[in-house]
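Residues 12 to 130 in this note's numbering are what the sequence shown lists, from first letter to last.
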Amino acid sequence: MLSNQKPFNLEDRTFEFARDCHFLIKNLSKTISNIEDAKQLVRASGSVGANYIEGNEKPGEKDLKYRIKISRKEAKESEYWLKLLKSQNPSHSNDIEKLIIEAAEIRKILSTIINKLDG
12 MLSNQKPFNL
22 EDRTFEFARD
32 CHFLIKNLSK
42 TISNIEDAKQ
52 LVRASGSVGA
62 NYIEGNEKPG
72 EKDLKYRIKI
82 SRKEAKESEY
92 WLKLLKSQNP
102 SHSNDIEKLI
112 IEAAEIRKIL
122 STIINKLDG
């Protein structure tokens, strides 16, 4: 799953985060709660990078800041769904914890970007 060397490019890093969430989900048992929580995680984790990319493509600082805030919200939501999945899947605890840490790091990076835009 997560490599020790994280990409410097945030678009790449958010892509790898979403990809790693998808990989994790494929390996979980197919219980009703896992399926429902996994659907939410797929949406949230993919939305982190998608909104970041969209913000970078839109002209204007106002829209950029709005999209970065949405990305940060989705990263936080991803953490939530990962924590729920971790509580239900102790055999995958280590892999899920790595993703929780990555989501938190991405969220902090996005917060730093927002703070710089607020200047």
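From the three backbone atoms N, C-alpha and C, an ideal C-beta is built for every residue, glycine too. Model, not experiment: these values are computed from the prediction.
Where residue 20 is concerned, there is no enclosing alpha helix (DSSP H), because DSSP gives it neither an H nor an E. Secondary structure at residue 100: coil, using DSSP grouped into helix, strand and coil. Excluding five sequence positions before and after residue 42, the CB atoms of its chain that fall closer than 8 Å to its own CB belong to 99, given in chain order. Secondary structure at residue 67: helix, using DSSP grouped into helix, strand and coil. Taken atom to atom, the span from the alpha-carbon of residue 65 to that of residue 78 is near 7 Å.
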